[in-house]
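Participant:
Number of protein chains: 2
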Amino acid sequence: MTSRQFSVTVDLAVLTVADDTLKVLVVRRGVPPFRGRWALPGGFVLAREDLMDAARRELVEETGVPLRSVHLEQLGSYGSPGRDPRGRVVTVAHLALLPDLPEPVAGSDAAGAEWRPVEDLLSATRRLAFDHGTILADAVERARSKLEYAPLAAAFCPPEFTIAELRRVYEVVWGTELDPRNFHRKVTGTPGFVEPTGESTRRGGGRPARLYRAGDATLLHPAMLRAPHPVR
Amino acid sequence: MTSRQFSVTVDLAVLTVADDTLKVLVVRRGVPPFRGRWALPGGFVLAREDLMDAARRELVEETGVPLRSVHLEQLGSYGSPGRDPRGRVVTVAHLALLPDLPEPVAGSDAAGAEWRPVEDLLSATRRLAFDHGTILADAVERARSKLEYAPLAAAFCPPEFTIAELRRVYEVVWGTELDPRNFHRKVTGTPGFVEPTGESTRRGGGRPARLYRAGDATLLHPAMLRAPHPVR
DNA sequence: CCAAAAGTGTTCTTACTACACCCATGG
DNA sequence: CCATGGGTGTAGTAAGAACACTTTTGG
Chain F
1 MTSRQFSVTV DLAVLTVADD TLKVLVVRRG VPPFRGRWAL PGGFVLARED
51 LMDAARRELV EETGVPLRSV HLEQLGSYGS PGRDPRGRVV TVAHLALLPD
101 LPEPVAGSDA AGAEWRPVED LLSATRRLAF DHGTILADAV ERARSKLEYA
151 PLAAAFCPPE FTIAELRRVY EVVWGTELDP RNFHRKVTGT PGFVEPTGES
201 TRRGGGRPAR LYRAGDATLL HPAMLRAPHP VR
Chain S
1001 MTSRQFSVTV DLAVLTVADD TLKVLVVRRG VPPFRGRWAL PGGFVLARED
1051 LMDAARRELV EETGVPLRSV HLEQLGSYGS PGRDPRGRVV TVAHLALLPD
1101 LPEPVAGSDA AGAEWRPVED LLSATRRLAF DHGTILADAV ERARSKLEYA
1151 PLAAAFCPPE FTIAELRRVY EVVWGTELDP RNFHRKVTGT PGFVEPTGES
1201 TRRGGGRPAR LYRAGDATLL HPAMLRAPHP VR
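Okay, structure coming up:
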């Protein structure tokens, strides 16, 4: 039987919300194929390495971010025979969600790494290398739908955050506007979503906002609603 | 760079509902490792074959079922270094949902293929080969949660089915009892879930039931509720 | 004072639960 | 007639949508 004929890589769709925009970490390819094109960061899985460990290693190499502040999950595998002209490569794509980092990709291995708006990269004109456009689209769709039923939005926020900051995450990722008052009630009323720290902040203009930490829930019940039913 | 060091396989968690039980297709291993143990059907991805094509090929080889009556989706990849004692094998697991087939695995390649209750195989005592217990558990969890928001239950039914047959699928997969009257209203009232054929049948005892086909929706809105809120 | 953002209260409406009730068949 | 399951009606309740209103800061 045919064995050991594949290369296996992990690719990362690393998303963050910065400047009220959903952004993804991309690297400029310095060598063919797709030289000069943007690509998702990634690399080969090592001989004795688990897939998730490989993804974690790549993530630290590319961003220098502490793993405890990151959400990382497997997205899916892409192994179309023609996806890499150099040979048969199956990639296990992962989705990572990060807070907006003050340090711009500190300790980064890849000199050319940049945060770019997802919107720009998903338009048909500015194509990503390989099938990374498909992977990115799948990653964004996964993030969008998972915000509905998992307390994932906090992964885009610093350790302590306000309800308004959390709401901005939803608005940016979903591309919708949400009623601040109903959102506030919904989030604070869903058990395990957020825990108040007792502190306040006045990062914004008006009345100081209370600060919250992520709660211990893994599933939101009831779920957040992305498409409000039209009320006739 | 280390390249071409991996074998890549597809494994299939093929689920069906038969005798009011959730069952999975398993094959008895005839050779070491795990000789004599049950395993999920699967095989190597061919040199020029897409992952989904490989899964489809294996599915037809194992079940002989026409692809148009099957739901097939990628579940996830499993590549722990020690998962196969013979070497480094990454498997891309897939989830398949089938109606209860009258012909018991006709045209099957694997002589030892059998439908076994999922419940039996997930208990700690009767272990599956490799990490197939984990894969099966993930597959069942995926099927359970996806029944909530996708019109997937129809994949377990013949092309035309009654609402009661559809309800049995939910009850068996979720392990719960559902109110037949509310279920009926919910299903027929969710746009795109089912389309009436105009025909009736009297497969059961009492009043003849109308027959339905699967609708064209891909997402159920509102979703089916797995855990009815406790009404205080 | 006003502006701005945080947070609460209230009303309307959707949609789920529970269960009474009727319908259409076989025996 | 009765038994069995199919299907409808309806009351009560949980929770979202819309939006008026109050609170707490800065200027």
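Chains as they are written, first to last, in our numbering: chain F, 1 to 232; chain S, 1001 to 1232.
From the three backbone atoms N, C-alpha and C, an ideal C-beta is built for every residue, glycine too.
The beta strand (DSSP E) spanning serine 77 (chain F) covers which residue range?
Facilitator: Looking at the DSSP string, the run of the beta strand (DSSP E) that includes serine 77 (chain F) is 71-78.
Participant: Does the Cβ-Cβ distance between alanine 1047 (chain S) and glutamine 5 (chain F) come in under 8 Å?
Facilitator: Yes, the pair counts as a contact, with Cβ atoms nearer than the cut-off.
Participant: What is the residue span of the alpha helix (DSSP H) that histidine 132 (chain F) lies within?
Facilitator: Looking at the DSSP string, the run of the alpha helix (DSSP H) that includes histidine 132 (chain F) is 132-149.
Participant: Tell me which residues share the same chain as glutamate 1171 (chain S) and place their Cβ nearer than 7 Å to its Cβ, disregarding the 5 neighbours each side in the sequence.
Facilitator: Here the set comprises Glu1177, Leu1178.
Participant: May I ask you to report which of helix, strand or coil DSSP gives arginine 1226 (chain S)?
Facilitator: In the structure shown, arginine 1226 (chain S) sits in coil (DSSP, three-state: anything other than H, G, I, E or B).
Participant: What are the boundary residues of the alpha helix (DSSP H) that leucine 166 (chain F) is part of?
Facilitator: That run of the alpha helix (DSSP H) goes 163-174.
Participant: Could you please give the first and the last residue of the uninterrupted alpha helix (DSSP H) stretch that includes alanine 1214 (chain S)?
Facilitator: Where alanine 1214 (chain S) is concerned, there is no enclosing alpha helix (DSSP H), although the beta strand (DSSP E) it sits in stretches over 1209-1214.
Participant: Count the other C-beta atoms from every protein chain shown that fall within 10 angstroms of the C-beta of serine 123 (chain F), then say buried if there are 16 or more, exposed otherwise.
Facilitator: The residue is exposed, with fewer than 16 neighbouring Cβ atoms inside 10 Å.
Participant: With distance defined between alpha-carbon atoms, name the residue in F:Ser145, F:Leu128, F:Ser69 nearest to leucine 98 (chain F).
Facilitator: Of F:Ser145, F:Leu128, F:Ser69, the residue nearest in Cα terms is F:Ser69.
Participant: Indicate whether the contact test is met: 3 or more Cβ pairs, each with one atom in the stretch 158-169 of chain F and one in the stretch 197-205 of chain F, closer than 8 Å.
Facilitator: Yes, the stretch 158-169 of chain F is in contact with the stretch 197-205 of chain F.
Participant: Listed in chain order, which residues of the stretch 1035-1050 of chain S have Cβ atoms closer than 8 Å to some Cβ of chain F?
Facilitator: The stretch 1035-1050 of chain S vs chain F, Cβ under 8 Å: Phe1044, Val1045, Leu1046, Ala1047, Arg1048, Glu1049, Asp1050.
Participant: My understanding is that leucine 75 (chain F) touches leucine 59 (chain F), with C-beta atoms under 8 Å, so please give their C-beta distance in whole angstroms.
Facilitator: Incorrect: roughly 13 Å between the Cβ atoms, too far for contact.
Participant: Find out if the Cβ-Cβ distance for the pair valine 1140 (chain S), phenylalanine 1156 (chain S) is shorter than 8 Å.
Facilitator: No. Outside cutoff.
Participant: Drop a sphere of 10 angstroms on the beta-carbon of threonine 9 (chain F), count the other beta-carbons inside from all chains shown, and report buried for 16 or more, exposed for fewer.
Facilitator: Label assigned to threonine 9 (chain F): buried.
Participant: On the three-state DSSP scale, how would you describe glutamate 49 (chain F)?
Facilitator: Of the three classes helix, strand and coil, the one that applies to glutamate 49 (chain F) here is coil, per DSSP.
Participant: Mind checking if proline 1081 (chain S) is an interface residue toward chain F, Cβ cutoff 8 Å exclusive?
Facilitator: Yes, proline 1081 (chain S) lies at the interface with chain F (some Cβ there is under 8 Å from its Cβ).
Participant: Quick one, are the C-beta atoms of phenylalanine 1193 (chain S) and proline 1222 (chain S) less than 8 Å apart?
Facilitator: No; because the gap between Cβ atoms is not below 8 Å, this pair is not in contact.
Participant: What whole-angstrom Cβ distance do arginine 130 (chain F) and phenylalanine 34 (chain F) have, given they're in contact under 8 Å?
Facilitator: Reading off the sequence shown, one finds phenylalanine at residue 130 (chain F), where the question assumed arginine. That belief holds up - the Cβ atoms of phenylalanine 130 (chain F) and phenylalanine 34 (chain F) are roughly 7 Å apart, short of 8 Å.
Participant: Verify the CB distance criterion: does glycine 1235 (chain S) have a CB-CB separation below 8 Å to chain F?
Facilitator: Nothing about residue 1235 (chain S) can be read from this structure; chain S reaches only from 1001 to 1232.
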